[in-house]
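Visitor: Numbered per the numbering used here, the sequence shown spans residues 15 to 606. Handing you a structure now.
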Amino acid sequence: MPYTLEQLNSAPLQQAAQMLDGLYEHSPWIAEQALAQRPFASLAALKLAMVRVLEAAGREAQLKLIRAHPELAGKAMVAKTLTAESTHEQNTAGLTQCTPAEFAKIQQLNADYNAKFGWPFILAVRGPRGTGLSKGQIIAAFERRLHAHPDVELAECVRNIHRIVEIRLNDKFGAEPTLGNLVWDWQEQLAQHSEPGYAERGELTVTYLTEAHRACAASIAQTMREVGCDEVHIDAVGNVVGRYHAATPGARYLLTGSHYDTVRNGGKYDGRLGIYVPLACVRELHQAGQRLPFGIEIVAFAEEEGQRYRATFLASGALVGDFHPEWLDQTDADGVTMRQAMQAAGLPGTLEAIAALKRDPARYLGFVEVHIEQGPVLNELNLPLGVVTSINGSVRLVGEAVGTASHAGTTPMDRRADAACAVAELMLFVEQRARRDGDSVGTVGQLSVPNGSVNVVPGRCAFTLDLRAPSNAQRDALLADVRTEIDAIATRRGVRFTLEETMRASAAPSDPAWQARWERAVQALGLPIFRLPSGAGHDAMKLHDLMPQAMLFVRGENGGISHNPLESTTSDDMELAVRAFQHLLQQVAAEA
Ligand SMILES: [Zn+2]
Numbered sequence: 015m016p017y018t019l020e021q022l023n024s025a026p027l028q029q030a031a032q033m034l035d036g037l038y039e040h041s042p043w044i045a046e047q048a049l050a051q052r053p054f055a056s057l058a059a060l061k062l063a064m065v066r067v068l069e070a071a072g073r074e075a076q077l078k079l080i081r082a083h084p085e086l087a088g089k090a091m092v093a094k095t096l097t098a099e100s101t102h103e104q105n106t107a108g109l110t111q112c113t114p115a116e117f118a119k120i121q122q123l124n125a126d127y128n129a130k131f132g133w134p135f136i137l138a139v140r141g142p143r144g145t146g147l148s149k150g151q152i153i154a155a156f157e158r159r160l161h162a163h164p165d166v167e168l169a170e171c172v173r174n175i176h177r178i179v180e181i182r183l184n185d186k187f188g189a190e191p192t193l194g195n196l197v198w199d200w201q202e203q204l205a206q207h208s209e210p211g212y213a214e215r216g217e218l219t220v221t222y223l224t225e226a227h228r229a230c231a232a233s234i235a236q237t238m239r240e241v242g243c244d245e246v247h248i249d250a251v252g253n254v255v256g257r258y259h260a261a262t263p264g265a266r267y268l269l270t271g272s273h274y275d276t277v278r279n280g281g282k283y284d285g286r287l288g289i290y291v292p293l294a295c296v297r298e299l300h301q302a303g304q305r306l307p308f309g310i311e312i313v314a315f316a317e318e319e320g321q322r323y324r325a326t327f328l329a330s331g332a333l334v335g336d337f338h339p340e341w342l343d344q345t346d347a348d349g350v351t352m353r354q355a356m357q358a359a360g361l362p363g364t365l366e367a368i369a370a371l372k373r374d375p376a377r378y379l380g381f382v383e384v385h386i387e388q389g390p391v392l393n394e395l396n397l398p399l400g401v402v403t404s405i406n407g408s409v410r411l412v413g414e415a416v417g418t419a420s421h422a423g424t425t426p427m428d429r430r431a432d433a434a435c436a437v438a439e440l441m442l443f444v445e446q447r448a449r450r451d452g453d454s455v456g457t458v459g460q461l462s463v464p465n466g467s468v469n470v471v472p473g474r475c476a477f478t479l480d481l482r483a484p485s486n487a488q489r490d491a492l493l494a495d496v497r498t499e500i501d502a503i504a505t506r507r508g509v510r511f512t513l514e515e516t517m518r519a520s521a522a523p524s525d526p527a528w529q530a531r532w533e534r535a536v537q538a539l540g541l542p543i544f545r546l547p548s549g550a551g552h553d554a555m556k557l558h559d560l561m562p563q564a565m566l567f568v569r570g571e572n573g574g575i576s577h578n579p580l581e582s583t584t585s586d587d588m589e590l591a592v593r594a595f596q597h598l599l600q601q602v603a604a605e606a
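Next comes the structure, spelled out in structure tokens:
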């Protein structure tokens with residue numbers, strides 16, 4: 015019989031400690047110290063209490079705990095001297111059935127790792143879904159982490175231990191994150207659709223209105239119908255819209271959602287998590303035959319990343335009446351206009367149809383969005399959820415430096431108008447100028463010498479510029495300085511620059527009332543409230559123009575990396591996001 019939290023909270027200390035036996039490898043003191051903080055409001059609260067105990071114990075205690083762990087597929091496994099918990103975990107990952115070559119590879123990695131760090135490699139082999147990483151994934155993680163800085167790697171080992179404990183604790187308490195697993199599996203299913211050229215390599219790329227993109231829309235629409243949405247349709251820009259009706263007709267809607275397009279070779283959770291978390295909530299409501307005093311409108315936004323066309327946020331922009339007519343005539347890399355792409359996808363491709371998507375704010379309560387953090391903050395703090403205070407303002411530009419293409423052998427260094435060198439200088443300026451602000455960021459993400467040759471001084475150099483800051487004023491000051499520097503470089507080097515602004519988004523502070531609802535939801539899960547700004551732009555910043563909005567962030571694994579296939583969260587964290595969303599819905603229902 016699995017234990018219950020009530021049993022743990024009410025048992026005498028010795029007995030409670032016995033219930034938590036085996037969580038931390040040969041280190042019962044962690045659970046014992048945490049028990050001093052009983053009663054726990056939730057298992058999440060207990061997990062966090064144990065995290066804080068180990069944190070407070072310091073580096074030596076952490077190292078000792080790490081060293082108490084067996085090597086992966088190591089001597090202890092072969093000699094069958096592992097603890098029951100470790101045996102089960104290494105079995106699940108298939109480590110007990112390694113081929114001789116795999117076994118030799120892992121032994122070599124163990125030796126290299128130990129020589130570099132002086133402790134055994136720790137990996138939660140049951141993985142973010144709890145069902146086990148493949149041997150390939152384990153070896154890849156091993157190879158990648160071998161290159162980490164020792165301090166970073168120590169912290170990563172500790173986090174993996176906490177993840178191992180989380181799964182062991184779930185087992186003890188029969189606490190399967192069923193809704194988190196559901197959300198996880200939906201995202202896995204959606205990630206089956208990827209564009210040619212990437213799909214073959216197992217990479218995820220879904221850009222606006224490609225075949226893979228349309229397959230995603232169809233899949234999301236299908237899921238929306240399955241969970242019990244009353245109305246599902248794909249709108250004139252390719253958004254998939256699902257509505258779950260209120261108890262009474264004519265009631266207002268809570269708008270929510272996020273995007274389903276991806277960057278090239280991106281992660282599976284960016285955007286998509288914010289579609290499926292509310293869908294899990296609708297599923298639960300529908301299964302319980304429950305209606306709220308307000309409706310829920312979930313929008314899976316078709317475009318947020320600005321990959322195929324220079325029209326970032328066009329999908330959420332359409333909902334607030336911010337769709338630029340000239341976008342329809344923009345062409346992609348293959349010369350296909352957006353209008354053509356829309357019509358090929360069966361969309362009208364007319365401005366009238368797009369203009370009709372604008373929402374009437376009087377019909378909505380507000381907009382909320384769940385999103386993976388896409389940064390390292392929550393991961394470093396061992397917090398599963400964070401409440402967003404504001405979305406940073408940003409501006410994007412595309413530019414080109416035009417100099418003179420000339421012979422690389424015969425043009426003396428002091429007589430060149432090298433366009434690429436001019437942009438290189440600009441890049442370094444952007445780096446140091448943004449750094450000076452402390453919380454501004456500036457990036458040249460694309461850089462190319464069109465038709466360049468090994469023996470030709472670059473005559474042209476194309477580049478992009480992405481600048482972000484917590485307030486509009488700070489962002490604008492950054493851009494003004496960059497423009498001034500561009501003029502100075504142009505004069506000094508005898509080149510000229512073109513610069514075209516492609517996107518500008520205002521900083522979007524969260525609505526206090528909606529932010530407070532997220533905070534209460536997080537608190538209700540037994541977790542501390544942690545507030546942070548969003549460095550990334552999100553659909554919520556477009557909806558901000560029309561209605562109050564607030565976002566919830568979910569911790570990312572692997573240092574919080576995003577726009578990268580290593581992007582990940584656990585199904586346990588996804589479960590907490592669903593629970594938080596359900597709590598938010600209950601709050602709004604109670605207020606009505
Ligand atoms: Zn996103």
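Where a beta carbon is used, it is the ideal one built from N, C-alpha and C, also for glycine. All of these numbers come straight from a predicted model, not from anything done at the bench.
(1) With a cut-off of 8 angstroms on the beta carbons, I'd call Asp-525 and Pro-484 a contact; round off their distance for me.
(2) According to DSSP, Cys-475 sits in a beta bridge with which residue or residues?
(3) Please confirm whether Glu-589 and Pro-142 have their CB atoms less than 7 angstroms apart.
(4) At a threshold of 6 angstroms, does Asp-284 count as lining ligand 1 (C-beta to nearest heavy atom)?
(5) What is the DSSP secondary structure of Arg-52, reduced to helix, strand or coil?
(6) When you compare each of Ala-169, Ala-358, Ala-550 and Pro-339 to Ser-404 by their alpha carbons, which one comes out closest?
(7) Do the stretch 508-518 and the stretch 360-380 make contact, defined as three or more Cβ pairs closer than 8 angstroms?
(8) Rank Phe-595, Ser-24, Lys-282 and Val-291 by C-alpha distance to the C-alpha of Ser-582 and give the top, closest one.
(9) From which residue to which residue does the alpha helix (DSSP H) around Gly-331 run?
(10) So is Asn-393 buried or exposed if we call it buried at 16+ other beta carbons inside 10 Å?
(11) Say whether the stretch 245-254 touches the stretch 299-306, bearing in mind that this needs 3 or more beta-carbon pairs closer than 8 angstroms, one atom from each stretch.
(12) Among Gln-201, Met-64 and Val-401, which has the Cα closest to the Cα of Tyr-290?
(13) When we look at the beta-carbon of Asp-501 and count the other beta-carbons within 10 Å, is it buried (16 or more) or exposed?
(14) Of all the beta strand (DSSP E) runs that stay within the bounds of the stretch 202-257, which reach a length of 3 or more residues?
(15) Which of helix, strand or coil does DSSP assign to Tyr-274?
(16) Please give me, in chain order, every unbroken run of the alpha helix (DSSP H) with length at least 4 that falls completely inside the stretch 496-545.
(17) Is the separation between the beta-carbon of Phe-544 and that of Gly-400 shorter than 7 angstroms?
(18) Have a look at Gly-423 and Glu-170 and give me their C-alpha separation to the nearest angstrom.
(19) Measuring straight from C-alpha to C-alpha, what distance separates Ala-231 and Ser-272?
(20) Can you tell me the Cα-Cα spacing of Val-255 and Met-356, whole angstroms?
(21) What does the alpha-carbon distance come out to for the pair Leu-566 and Pro-390?
(22) Does His-40 pass the burial test, meaning 16 or more other C-beta atoms within 10 Å, or should it be called exposed?
(23) Spell out a yes or no on whether the stretch 310-328 and the stretch 337-348 are touching, meaning 3 or more CB-CB pairs, one atom from each, closer than 8 angstroms.
(24) Just to confirm, is the Cβ distance from Asn-23 to Pro-53 under 7 angstroms?
(25) My guess is that Asp-185 and Tyr-222 are in contact by the Cβ rule of under 8 angstroms, so how many angstroms apart are they, rounded?
(26) Exposed or buried, Leu-442, counting other C-beta atoms within 10 Å across all chains shown (16 or more means buried)?
(27) For Gly-36, I'd like the list of residues in its chain whose CB is within less than 6 angstroms of its CB, leaving aside the five on either flank, ordered along the chain.
(28) Quick test of the definition: if touching needs 3 or more C-beta pairs under 8 angstroms, does the stretch 458-468 touch the stretch 432-440?
(29) Going by Cα to Cα distance, which pick from Leu-109, Val-470, Gly-380 and Gly-285 is closest to Leu-147?
(30) What is the DSSP secondary structure of Val-470, counted as helix, strand or coil?
(31) What span of residues does the alpha helix (DSSP H) with His-300 cover, start to end?
(32) Given this structure, state the Cα-to-Cα distance separating Asn-396 from Leu-479, to the nearest angstrom.
(33) For Ala-564, report the span of its beta strand (DSSP E) as first-last.
Guide: Working from what's here:
(1) With a Cβ gap of about 17 angstroms, Asp-525 and Pro-484 do not count as contacting.
(2) Ala-415
(3) no
(4) Yes, the beta carbon of Asp-284 sits closer than 6 angstroms to at least one heavy atom of ligand 1.
(5) Arg-52 carries a coil assignment under DSSP once its states are collapsed to helix, strand and coil.
(6) Ala-550
(7) no
(8) Lys-282
(9) 328-333
(10) buried
(11) no
(12) Gln-201
(13) exposed
(14) Scanning the stretch 202-257 from its first residue to its last, the whole beta strand (DSSP E) runs of 3-plus residues come out as 245-248.
(15) coil
(16) 526-538
(17) Going by C-beta atoms, Phe-544 is nearer than 7 angstroms to Gly-400.
(18) 50 angstroms
(19) 13 angstroms
(20) Spanning the two alpha carbons is a distance of roughly 17 angstroms.
(21) 15 angstroms
(22) exposed
(23) Taking 8 angstroms as the limit for Cβ pairs, the verdict is that the stretch 337-348 does touch the stretch 310-328.
(24) Yes, the Cβ-Cβ distance between Asn-23 and Pro-53 is below 7 angstroms.
(25) With a Cβ gap of about 43 angstroms, Asp-185 and Tyr-222 do not count as contacting.
(26) exposed
(27) Glu-99
(28) yes
(29) Leu-109
(30) strand
(31) Segment 287-301, the alpha helix (DSSP H) holding His-300.
(32) If you take the alpha carbons of Asn-396 and Leu-479, they lie about 33 angstroms apart.
(33) 563-568
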